[in-house]
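Quick note, the sequences are listed as chains A and B, same order. In terms of our numbering, the first sequence opens at residue 1 and continues consecutively. In terms of our numbering, the second sequence opens at residue 1 and continues consecutively. Glycine included, every Cβ here is placed at the ideal spot set by N, Cα and C. A short write-up of the structure that comes next.
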Amino acid sequence: GESVGLHLPTLSVQEGDNSIINCAYSNSASDYFIWYKQESGKGPQFIIDIRSNMDKRQGQRVTVLLNKTVKHLSLQIAATQPGDSAVYFCAEKTQAGTALIFGKGTTLSVSS
Amino acid sequence: NAGVMQNPRHLVRRRGQEARLRCSPMKGHSHVYWYRQLPEEGLKFMVYLQKENIIDESGMPKERFSAEFPKEGPSILRIQQVVRGDSAAYFCASSPLAGEQETQYFGPGTRLLVL
């Protein structure tokens, strides 16, 4: 079946370091991917998305990389700050274009 | 521009009662999605609605759960005869259009606790 998963449940970094959060997906037909950030007690917040016709997309302090050959997605956060501490989810769109399929999330902890 | 709004933010019900969760999409958005999140897990799709129509309810439990998005007013997720296993965070998302590459924007969620 379709699924999206993450490699590590937790990631701890020092303030100012770069963070890399990884995600593997299994459905080679998925062609749209999104990273969300979820802080405690809040809803998922859109960070960045990427379409399958791209392999890299940059935002403010964030970069998403897509490797369709190995079905791997990563989120890079530059100069990580304490405010980046949250759970990060990758999600993919189904072929029907209706539901987002979420992985279980990676908890990022940033220490000062 | 207000984002997706959900209320109540917290809801406590006893077993057997009904729970009604409301969602107002972002202005200009006519597509609403409901997801459920259990503790320590990712979100799971439940249902997708457009105004007055259920488009995809493949993630909805067959019994006790229903959803609507009337012509006027918010979308409602209704859970009848709640059980403890219904305790979860319920999130609503909206998008302006449908399609494979439309971003869904989420509300703050309703946290349901069934005693």
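Check, Outcome
"Could you pull the DSSP bridge partners for V64/A from this structure?", "R57/A, L75/A"
"Just the chain B side, please: which residues come within less than 7 angstroms of G105/A by C-beta, in chain order?", "G42"
"Measuring CA to CA, which of T94/A, T107/A, S112/A is closest to S40/A?", "T107/A"
"Return no unless some Cβ of chain B is closer than 8 angstroms to the Cβ of T80/A.", "no"
"The beta strand (DSSP E) spanning Q14/A covers which residue range?", "10 to 14"
"For E102/B, tell me which candidate among A24/A, N27/A, T69/A, D31/A has the shortest Cα-Cα distance.", "D31/A"
"List, in order along the chain, the chain B residues whose C-beta lies closer than 7 angstroms to that of K42/A?", "P108"
"Could you give the uninterrupted runs of the beta strand (DSSP E) lying entirely in the region 23 to 57 of chain A, keeping only those of 3 residues or more?", "32 to 38, 45 to 51"
"Using a Cβ cut-off of 7 angstroms, which residues of the region 41 to 72 of chain A contact any Cβ in chain B, in chain order?", "K42, G43, P44, F46, D49, R51"
"Rounded to the nearest angstrom, what separates R14/B and S75/B at their Cα positions?", "23 angstroms"
"Spell out the partners DSSP gives S94/B in its beta bridges.", "V32/B, Y105/B"
"Identify, in the order they occur along the chain, each residue of the same chain with its Cβ nearer than 7 angstroms to the Cβ of Q80/B, setting aside the five sequence neighbours on each side.", "E18, R64"
"Does T10/A get closer than 8 angstroms to chain B when you measure Cβ to Cβ?", "no"
"Does any CB atom of chain B fall closer than 8 angstroms to the CB of A86/A?", "no"
"What whole-angstrom Cβ distance do Y48/B and A99/A have, given they're in contact under 8 angstroms?", "7 angstroms"
"E68/B bridges to which residues according to DSSP?", "I76/B"
"Assuming contact is defined by CB atoms lying nearer than 8 angstroms, are R57/A and I47/A in contact in what I supplied?", "no"
"Taking only beta carbons into account, state which residues of the region 46 to 66 of chain B come closer than 8 angstroms to chain A, listed in chain order.", "Y48, I55, D56, S58, G59"
"Could you spell out the range, first to last residue, of the beta strand (DSSP E) harbouring K62/B?", "It is not in any beta strand (DSSP E) - K62/B carries neither H nor E in the DSSP assignment."
"So what does DSSP say about R22/B, is it helix, strand or coil?", "strand"
"So that I know if they touch, is there some Cβ in chain A lying closer than 8 angstroms to that of Y105/B?", "yes"
"Go ahead and label A2/B buried or exposed: buried means 16 or more other beta carbons lie within 10 angstroms of its beta carbon, across all protein chains shown.", "exposed"
"If you count every other CB in all the chains shown that lies within 10 Å of the CB of T80/A, and 16 or more means buried, which is it?", "buried"
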